[in-house]
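Visitor: Starting off with a structure, shown below.
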Amino acid sequence: MTSTDAHPMWLPDEALRRLGERRVLVAVGPDDPVGATVVAEVRAATARWGGSVTVASTDAPLTGAEARGHDVVLALVPPSTASDEPTRALAADVPTASGSFGVLREGATTTVLGRDAAGLLYGLHHLVRAGAAAAEGDTPLTWYAPTNDIRMLDHWDNVDVHPVMGQVERGYAGGSIFYADGRVREDLSRVAAYARLLGSVGINAVSINNVNVHRTEARLLTDGLPDVARIAALFRPHGIRVHLSVSFAAPMTVGGLPTSDPLDADVQAWWAARVADVYDAVPDFGGFVVKADSEGQPGPFAYGRDHADGANLLARALKPFGGTVFWRAFVYNHRQDWRDRSTDRARAAHDHFAPLDGRFDDNVVLQVKYGPMDFQTREPVSPVIAAVPRTRLAVELQVTQEYTGQQKHAVWLGPQWSEILRFRPWGEGGRTVADVAAGTGGADDARRAGLVAVSNVGDDAFWTGHPLAQANLYTFARLAWDPSADPQALLDEWIGLTFPDADPVVAATLHEILDDSWRTYEDYTAPLGVGFMVRPGHHYGPDVDGYEYTPWGTYHFADRDGIGVDRTRATGTGFTGQFPAPWRDVYEDVTTCPDELLLFFHHVPWSHVLHSGVSVAQHVYDTHWDGAARTVDNTAAWDAIAGQVRADLHQRVAERLAEQVRSAHEWRDQLRTYVYRHSGIPDATGRTVY
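Numbering (the numbering used here), first residue to last: 1389 to 2078.
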């Protein structure tokens, strides 16, 4: 499928109408690929919608008269040595972050000033999002800067089709846009279209292969470099640097060495040579993503080394070229004995990485999942985020909906991510999770990194399988730029761009379906933070005891008396002690632990009364009934707007909503019945339990 066959997501031609109708002046630097993208976007929009474009060079200063002759001016920040005072004033107080831009509205002219070409691109799309409002009133020069230096998407795409995980691991939207038939695609037009979409919302980094690096994928580092260069050439014009996931064992499996010991001189030389080759092929290559000593992936433990030894090996090879190592902290024992309640998967990342704080080189980013388990619908914020202040740390989210409906269910995750990013690990008045990742809100020398997420696109005509799952990709990108943004406003942004000419009832219906969908999903699936309860392997649909006696450490310990995991310091695994005050004590005490996380931290009787005033058993009965009912309401609301959106899109969403209804009712009936059969407590309302 080519780019012209794919749904335009949030960049349909209509979204650029307001810009395309105007007289636009563009001044960019010479031979800049991102600047050329700005010119190309304006040319295409004005050609389609009847406006005009004038392209000037920054070598010659713009005069006020030239600017006033246009409706929109897009220009790089003028030099501070500019001859006239008004022009010099425009160069004052420019943010230092790459990608920053300023917007000024005077008279009939809107001016966008980019700190660099990337800033000009982001400023252009700021105008697109603003629509008609960009040409209204007078506004003083206002600067916009990205909060996070790193705004990254990881792709779990396999070159070869994996016998279990398929072409894209945890992919729910078809095959890979990068790979087919065991190699990089000849036709990469979908990648070019994807790069344009990501550039429009400020993403500046992508990793193009699975963190579980298999045999063929490992050779992208060597034999596959010409194809990596082809892919990088498509992302470069949109300000996006390409990264590769690499296998820690590559010196052996690819290079033929007898060891991958990070302290071995031959291993160090091998990595240095491979990195030099990569930068010969891709001069702006971003770096490596590494999953090591986790779920069977090789790592430094085999040689008695730790994760700092492993990460620094690669960091020192990349350092001369400006590259970065993203070292994932998802490390735990996946061969637990379910009989042993002292072993706690939730503790693992902190146990491994907190002692290493300060030992990682400055071009290592520790990539930490937002929770201590595995992208669950509800879990506490990972204590690692507060435990490594001398380490650059990126918070990892999951846009692909592995545990949140797999893009068969309409589940918009913006509120979940916003809640995580605004969480204050040190309590009221302390820094937020977003502050830690961005390196803001603390000491001037705080370590800067950002946000990373697992992408949710594939070669499906709608990119994300479920068309409404596009909202998750958009929302992540916009939160990566500004974690303090109101997710509700971002949802409306996405709706307005993706359905720009829709009747207001369509926008209202979309907002209604997605607005509280995360909590609706939580209501009919695993309750009160206990997590999982899904079918092993593919993780779709209910299986309450599916993982209960497996080695994966994802237990809920339900019996006739109660449910939940005791992670207290007093009587449990001690996990609460990994948090700083006040949360270590809030979570420790069953009377102060938030209801939504109760079963994550405590084993309680089925009759335990929540802060909401109902028992644990009755909470499951009520929430699962009500959550399933809301999926029926959403289906009816969508059916009511048939004929007001594209027919193929309406049909696809209708199919997915029908599956959500079926699955939600299966979740409802299994969980309610499970609780009744274990507890013997009836539903106080008398509703059917099987």
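Backbone N, C-alpha and C fix where the C-beta goes; we use that ideal spot for every residue, glycine too.
Which first and last residues belong to the alpha helix (DSSP H) in which H1738 is found?
Guide: Looking at the DSSP string, the run of the alpha helix (DSSP H) that includes H1738 is A1736 to F1741.
Visitor: Which residues mark the beginning and the end of the alpha helix (DSSP H) in which P1875 is found?
Guide: P1875 -> alpha helix (DSSP H) spans P1875 to T1886.
Visitor: On the premise that G1838 lies in contact with A1826, defined as a C-beta separation below 8 Å, what is that separation, rounded to the nearest angstrom?
Guide: The Cβ separation is near 6 Å, so the contact holds.
Visitor: Answer with yes or no whether the minimum CB distance from V1443 to chain D is below 7 Å.
Guide: Of the protein chains in this structure there is only one, and it is not chain D.
Visitor: Whole-angstrom Cβ separation of A1394 and W1851, contact assumed at under 8 Å?
Guide: Right, their Cβ atoms sit about 6 Å apart.
Visitor: Assuming contact is defined by CB atoms lying nearer than 7 Å, are R1948 and H1797 in contact in what I supplied?
Guide: Against a cut-off of 7 Å, the Cβ pair of H1797 and R1948 comes out as no contact.
Visitor: Could I get the ranges of all uninterrupted beta strand (DSSP E) runs contained in the region 1972 to 2011, with 3 residues as the minimum, in chain order?
Guide: Complete beta strand (DSSP E) runs here, min 3: none at all.
Visitor: In whole angstroms, what separates the C-alpha of H1899 from that of D2027?
Guide: In a straight line, the C-alpha of H1899 is about 15 Å away from that of D2027.
Visitor: Residue range of the alpha helix (DSSP H) that R1812 falls in?
Guide: No alpha helix (DSSP H) contains R1812, which DSSP labels as neither H nor E.
Visitor: List the endpoints of the continuous beta strand (DSSP E) containing I1538.
Guide: Here the beta strand (DSSP E) through I1538 covers I1538 to D1542.
Visitor: Rounded to a whole number of angstroms, what is the C-alpha to C-alpha distance between R1819 and W1971?
Guide: C-alpha separation (whole angstroms): 14 Å.
Visitor: Which same chain residues, not among the five before or five after T1779, have their C-beta less than 6 Å away from its C-beta?
Guide: Only D1745, F1748 and L1754 meet the Cβ criterion.
Visitor: With a cut-off of 8 Å on the beta carbons, I'd call P2144 and T2011 a contact; round off their distance for me.
Guide: Only positions 1389 to 2078 of the chain appear in the structure, and residue 2144 is not among them; the question remains open.
Visitor: With a threshold of 6 Å on Cβ separation, who are the neighbours of S1905 within its own chain once the five nearest residues in sequence on each side are excluded?
Guide: Result list for S1905: A1798, V1799 and W1800, in chain order.
Visitor: If you drop the 5 nearest sequence neighbours on each side, which residues of the same chain put their C-beta closer than 7 Å to that of L1651?
Guide: Same-chain partners within the cutoff: R1693 and D1697.
Visitor: Less than 6 Å between C-beta atoms, sequence neighbours within five positions excluded: which residues of the same chain meet that for G1643?
Guide: Here the set comprises W1658.
Visitor: Can you have a look at Q1966 and say buried or exposed, based on whether 16 or more other CB atoms are within 10 angstroms of its CB?
Guide: The residue is buried, with at least 16 neighbouring Cβ atoms inside 10 Å.
Visitor: Are V1756 and V1772 touching if we call contact CB-CB under 7 Å?
Guide: Yes, these two residues count as a Cβ contact at 7 Å.
Visitor: Which first and last residues belong to the alpha helix (DSSP H) in which T1530 is found?
Guide: Here T1530 belongs to no alpha helix (DSSP H); instead the beta strand (DSSP E) covers T1527 to Y1532.
Visitor: Is L1645 helix, strand or coil when you go by DSSP?
Guide: Coil at L1645, not helix or strand.
Visitor: Which value, in whole angstroms, describes the spacing of the CA atoms of R1558 and E1790?
Guide: In a straight line, the C-alpha of R1558 is about 6 Å away from that of E1790.
Visitor: Would you check if there are 3 or more beta carbon pairs closer than 8 Å linking the region 1949 to 1969 to the region 1985 to 1999?
Guide: Judged by Cβ distances under 8 Å, the region 1949 to 1969 makes contact with the region 1985 to 1999, as three or more pairs qualify.
Visitor: I think A1865 touches N1844, with their Cβ atoms under 8 Å apart; what is that distance to the nearest whole Å?
Guide: 12 Å between Cβ atoms; not a contact.
Visitor: Confirm, please, whether the CB-CB distance from T1886 to W1398 is below 7 Å.
Guide: Yes, they are a contact pair.
Visitor: Let's test the definition: count the other Cβ atoms within 10 Å of the Cβ of S1730 and tell me whether it reaches 16, buried, or not, exposed.
Guide: Result: exposed.
Visitor: Taking only three categories from DSSP, how would you classify K1707?
Guide: Helix, per DSSP.
Visitor: Mind checking which residues open and close the beta strand (DSSP E) that includes R1780?
Guide: R1780 to Q1786 is the span of the beta strand (DSSP E), which, as asked, contains R1780.
Visitor: Along the chain, where does the beta strand (DSSP E) that runs through L1492 open and close?
Guide: Segment F1489 to E1494, the beta strand (DSSP E) holding L1492.
Visitor: Between the alpha carbons of P1688 and H1543, how many angstroms are there, rounded?
Guide: Their Cα atoms are separated by approximately 24 Å.
Visitor: If you scan the region 1835 to 1880 from start to end, which runs of the beta strand (DSSP E) of 3 or more residues do you find wholly inside it?
Guide: Listed in chain order, they are 1838 to 1842.
Visitor: Just to check my reading of the structure: W1715 and H1695 have Cβ atoms closer than 8 Å, yes? What is that Cβ distance to the nearest angstrom?
Guide: Yes, they are in contact, since the Cβ atoms of W1715 and H1695 sit about 6 Å apart, within 8 Å.
Visitor: May I ask you to report which of helix, strand or coil DSSP gives F1566?
Guide: Correct three-state label for F1566: coil.
Visitor: Between the Cα of I2029 and the Cα atoms of R2018, V2041 and T2019, which residue gives the shortest distance?
Guide: Nearest C-alpha to I2029: V2041.
Visitor: Does the Cβ-Cβ distance between G1587 and H1550 come in under 7 Å?
Guide: Not a contact, by the Cβ cut-off of 7 Å.
Visitor: If you reduce the DSSP assignment to three classes, tell me which class Q1795 lands in.
Guide: DSSP places Q1795 in coil when its eight states are reduced to three.
Visitor: Per DSSP, what kind of secondary structure is L1801 in: helix, strand or coil?
Guide: Three-state DSSP puts L1801 in coil, outside helix and strand.
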